[in-house]
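Number of protein chains: 4
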Amino acid sequence: MKLNVAATLTYGFGSDTQVIAAIEAARSPDQTIISESLTVWPDCELVRDQDPVTGERRFRTALSGQVEIRYRAVVDNGKRIPLVPYARQHAWSELPQDVLPYLLPSRFSPSDEFMRFAQREFCAIQGGGARVLAVLDWLHEHLDYVHGVSHAQTTAQQTFIDRAGVCRDFSHLGIALTRALNIPARAVSAYALDLDPPDFHAVFEVYLNGGWWLVDPTRLAPVEGMVRIASGRDAADIAFLTSQFNCQCLAQRITVSQAPDDAGQQAA
Amino acid sequence: MKLNVAATLTYGFGSDTQVIAAIEAARSPDQTIISESLTVWPDCELVRDQDPVTGERRFRTALSGQVEIRYRAVVDNGKRIPLVPYARQHAWSELPQDVLPYLLPSRFSPSDEFMRFAQREFCAIQGGGARVLAVLDWLHEHLDYVHGVSHAQTTAQQTFIDRAGVCRDFSHLGIALTRALNIPARAVSAYALDLDPPDFHAVFEVYLNGGWWLVDPTRLAPVEGMVRIASGRDAADIAFLTSQFNCQCLAQRITVSQAPDDAGQQAA
Amino acid sequence: MKLNVAATLTYGFGSDTQVIAAIEAARSPDQTIISESLTVWPDCELVRDQDPVTGERRFRTALSGQVEIRYRAVVDNGKRIPLVPYARQHAWSELPQDVLPYLLPSRFSPSDEFMRFAQREFCAIQGGGARVLAVLDWLHEHLDYVHGVSHAQTTAQQTFIDRAGVCRDFSHLGIALTRALNIPARAVSAYALDLDPPDFHAVFEVYLNGGWWLVDPTRLAPVEGMVRIASGRDAADIAFLTSQFNCQCLAQRITVSQAPDDAGQQAA
Amino acid sequence: MKLNVAATLTYGFGSDTQVIAAIEAARSPDQTIISESLTVWPDCELVRDQDPVTGERRFRTALSGQVEIRYRAVVDNGKRIPLVPYARQHAWSELPQDVLPYLLPSRFSPSDEFMRFAQREFCAIQGGGARVLAVLDWLHEHLDYVHGVSHAQTTAQQTFIDRAGVCRDFSHLGIALTRALNIPARAVSAYALDLDPPDFHAVFEVYLNGGWWLVDPTRLAPVEGMVRIASGRDAADIAFLTSQFNCQCLAQRITVSQAPDDAGQQAA
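Residue numbers (the working numbering), protein chains in the order written: chain A, 1 to 268; chain B, 269 to 536; chain C, 537 to 804; chain D, 805 to 1072.
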């Protein structure tokens, strides 16, 4: 599917604040950047990073005062196939080396805490894909999508108790439960079609059958309509904006829409 | 039921360690002490406390080196009736003043954390007693009785995640869920018939229909065979031994047995 | 000192919300209520409680919609003496029975966690009063009084790490450190002269030399100008308003002023 | 310095337990493997990993029953220079891309929690190296090296409160404080000369002046006598043995000694 994505972020910074931003679509194998533009106003020098393995990108700079960051892209995200129940789970020894860290507990998805619960709840289900689908069903049944219950430091344990949260929290608990079942899982930030209100979305990926499968535990957006930005162990790794000091969001506007088949000429 | 209870505690203390012990059967309205004896060896001066409202007792002293504390009693615990589903829940304004603290969250039973879960899980059930019985069923179904998962600082949140623990943990989670349903609950330590291996037991009580009802969330011992020792907000309040510095358990032996109907003459 | 205190609380409640309020000056031995009035509008039935030991008072009721609670009093708080360094620390066996619970860790002041730090930092100081004064100096030096860092569930551990908080947080950490030094301590809510902006104040008391001594770890108000409301293990016990469901503060106004010597006739 | 390192690990595993082991000396630029041998008995198939950037190695396999893992190496760790106070701190934009994750909070070293404390305590000190040395002095002064206070899930916050721990805990708190000062820091496992009793050692590295500097917050071993094994965000990433299920340590023996200058022929 071809998608137009646009993000305009207006923030206020203290003097000379160091910043890392992850808002560009990843140049990952499963999606093609047809055209794109990134502008920061007032103009400033950017250090541009691209991960050699994942194709994910970030830029670094130092910002002061009121700043507008503007990103536009047309992306073809190819044919993203929803997770199938028969997707096979791998033994550790079969996994690619760079997948191994996603087996481990992390700060917001401490899977070691959920070993016993995951075994009790999901061990009867056979097969990697089917187990992850059962985790997603469990999340859908037991969590409410509610703003104001969680905050930026909320862990999967707290969400498990609260039974409520936002996309970030759904993903953290989903990742924790999936890793507790011995399946590699990583947090992913994305632009998502149909998300209402539009915003950066937090979803996750599981490694099964030789590849990563994108899933949305909130069921708020179809995986076919997502443009991947960044991946990491949990939300701290994939923040769209990491700044050295507190900064103030003045305005933020995200739009995602389906692009016509001949898109690519018109990215602003 | 008339019960013989015996506790022999052998502990090692550093020099002149201040100690509070709660091992004597409570002189509460629901049980009668027929006979009892308490000895501490080597001999030392004891300050004896009895709570004017609950009849619960503690003694205080300073201990050094190896000490043996020995308690024997014959207690008639009367007719303790297991909780009935139709036991009525009270409005706050109907409760006796001294019951109010047991509505509040406490360190190991922070009921405020479980408000949403308790509502989701138990709100369809009508009536105070029936709700508490549903909580007990939930605990029985979702927790394993396992040593080594929890420790003395384990909270109800951790047990809710771990899905395992010992009597103390079952009670802490039971109390948290019950209070989250707006029903007063308190932790109780007890001598319990049929507990295998014999030990101090941690159970809890709920206030319904004008009185406290004793329940055992582990289902390891019948409430009819329990002798109440102390009650409090959670386990920290009812420890059988609170000491100023670390002390070492050298030996501990508890026995509880049914006494013949004419018991009372033979307490050692 | 004679003090006029006035509190006007305007809150919005859902239908028939059970409420416990602790806003009346305590009838404790150290202060005399010269005159007072309590009104709740719209008019409703109140259950009035008074603790037989502490003289602290609460009222209970069920409230709906917008409610104004209005309390006025003239109180003579006698001669409240600031803590002296030579105030003697008691052995456990010397303490009154009702003081014992204030030796124990509580949810927001888990003193057991601070045993090692308290020993390292304060063990060289001799004497009960001097130790507590050293704790107060430490708090003054290491904590910033800042709004927005803490929230209603913030514990003494978090404040110890954050190095910032409000009156409630200062007291929780002060209580934890004091109990870790084996000195009974309890949280106290109060009306306080000179507090700017005026609000309910959270302070604490330590038991030394046969009595409770009031201290203000924030140093924002003199203890001589305080009117005690309620005491408890930590802030959860002394909330001025505990309600069954969330309620909304619409307006809240507290005033405390010194009353003329012949006050008592004019309480509104 | 040339060093002989030897590790013999005897563990008991359940049937067919997946395992990742990080016990081989890193092929990092700062050290040269002169000779080495790795044997697992009973014999089994190993998947060998080497990180393309760091040269760190791990092996993966599935183990059953009693297994002995034996590693021997002669390593020249070159000239490892202790941290100098004038080592320069970089702006984020100057850092190599692969250093960026070590600016972020992690599970056991959540640096965001320590921002205020780190500013209060260390902001007066100028310069990257000098700041890290001040952190190391602070740790030395305020923490006791004690076994039994911490466990495998202990965080930097808990160690900050406990004021005690082992090498892992010293490093976690050191990393958290260093990152809170905006300096990249990562956990490192190592073989260390002079460690008594000999064991795997946990230390950390800071990125200053264009390179990583190894520091030992416990001051138990000189950095000149260390052989690096693995690095990561915190201890979970660098465990010498990660196993799918619990396993039992039956025996573990580490030895590190200085090798003669002509070493290299005699590695067993």
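Each residue gets a CB set at the ideal place from its N, CA and C atoms; glycine is no exception.
Predicted model only: the values in this text are computed from it and were never measured.
Looking at D:Ala980: is its Cβ nearer than 8 angstroms to the Cβ of D:Ala960? yes
Which chain B residues are close to C:Asn718, counting only those with a beta carbon under 7 angstroms from its beta carbon? Gln512
Would D:Ile1042 and A:Trp92 qualify as a contact pair, given that the criterion is a beta-carbon distance under 8 angstroms? no
At the level of alpha carbons, what is the spacing between D:His894 and A:Leu104? 30 angstroms
Taking only beta-carbon positions, decide if A:Ser104 is within less than 8 angstroms of chain D. Checking the displayed sequence, the identity of residue 104 of chain A turns out to be Leu instead of Ser. Cβ-Cβ to chain D under 8 angstroms: yes for A:Leu104.
Shorter than 8 angstroms from the beta carbon of D:Asp966 to some beta carbon of chain C? yes
Can a CB atom of chain B be found closer than 8 angstroms to the CB of C:Thr597? yes
My output table needs one value for D:Gly1015: the three-state DSSP class, helix, strand or coil. strand
Distance between B:Ala290 and B:Arg325 (C-alpha atoms, nearest Å): 6 angstroms
Out of curiosity, what's the CA-to-CA distance linking D:Pro749 and D:Phe912? This structure does not reach residue 749 of chain D, given that chain D is present from 805 up to 1072, and the question cannot be answered.
Which same chain residues, not among the five before or five after A:Asp199, have their C-beta less than 6 angstroms away from its C-beta? Ile254
Does the count of Cβ pairs from the stretch 176–194 of chain A and the stretch 225–233 of chain A closer than 8 angstroms reach three? yes
Cβ closer than 8 angstroms: which chain A residues qualify as neighbours of D:Pro914? Arg107
I'd like to know whether the C-beta of A:Gln157 is nearer than 8 angstroms to at least one C-beta of chain B. yes
Under 9 angstroms from the C-beta of A:Arg253: neighbouring residues of chain B: The premise fails here: A:Arg253 is roughly 32 angstroms from chain B at the closest Cβ pair, so nothing lies under 9 angstroms.
Any idea what DSSP makes of A:Glu56, helix, strand or coil? coil
Under 8 angstroms by Cβ, that's how I've got D:Arg864 and D:Val851 pegged, so tell me the actual separation to the nearest angstrom. 4 angstroms
Could you give the C-beta distance for C:Ser699 and D:Phe964, rounded to a whole number, given that I count them as a contact under 8 angstroms? The question names Ser, yet the displayed sequence has Arg at residue 699 of chain C. Not quite, the Cβ-Cβ distance comes to about 11 angstroms (not below 8 angstroms), so this is no contact.
Assuming contact is defined by CB atoms lying nearer than 8 angstroms, are C:Arg761 and C:Leu619 in contact in what I supplied? Sequence inspection shows Gly at residue 761 of chain C; the Arg mentioned does not correspond to that position. Contact: no.
CB of D:Tyr995 within 8 angstroms of CB of D:Val1027, strictly: no
Output, in chain order, the set of chain B residues within a Cβ distance shorter than 8 angstroms of A:Arg72. Result: empty, since nearest Cβ-Cβ is about 40 angstroms, beyond 8 angstroms.
Determine, using beta carbons only, whether C:Gly614 and C:Gln567 come nearer to each other than 8 angstroms. yes
What does D:Glu917 touch in chain C if you count any residue whose Cβ is under 7 angstroms from its own? Ile697
Where DSSP assigns a beta bridge to D:Tyr815, which residues make up the other side? D:Val871 and D:Cys1053
D:Cys848, buried or exposed, once every other Cβ within 10 Å from all chains shown has been counted against 16: exposed
If the cut-off is 8 angstroms on Cβ atoms, which residues from the stretch 468–497 of chain B count as contacting chain A, listed in chain order? none
Applying a beta-carbon distance threshold of less than 8 angstroms, which residues of chain A neighbour D:Ala895? Gln18 and Ala62
Would you tell me roughly how many angstroms separate the C-alpha atoms of C:Thr553 and C:Leu574, rounded to the nearest one? 19 angstroms
Tell me the DSSP secondary structure of D:Thr843 in three-state form. strand
Sub-8 angstroms separation of C:Ala738 and C:Ser779 beta-carbons: no
Per-residue contacts from A:Arg120 into chain B (C-beta, under 7 angstroms): Arg431
Which residues bound the beta strand (DSSP E) around B:Ile497? Met494 to Gly500
What is the DSSP secondary structure of D:Thr959, reduced to helix, strand or coil? coil
Three-way DSSP call (helix, strand, coil) for A:Phe200 in this model: coil
Please state if the CB of D:Ala891 and the CB of D:Asn986 are separated by a distance shorter than 8 angstroms. no
Whole alpha helix (DSSP H) runs in the stretch 131–186 of chain A with 4 or more residues, listed along the chain? 156–162 and 167–180
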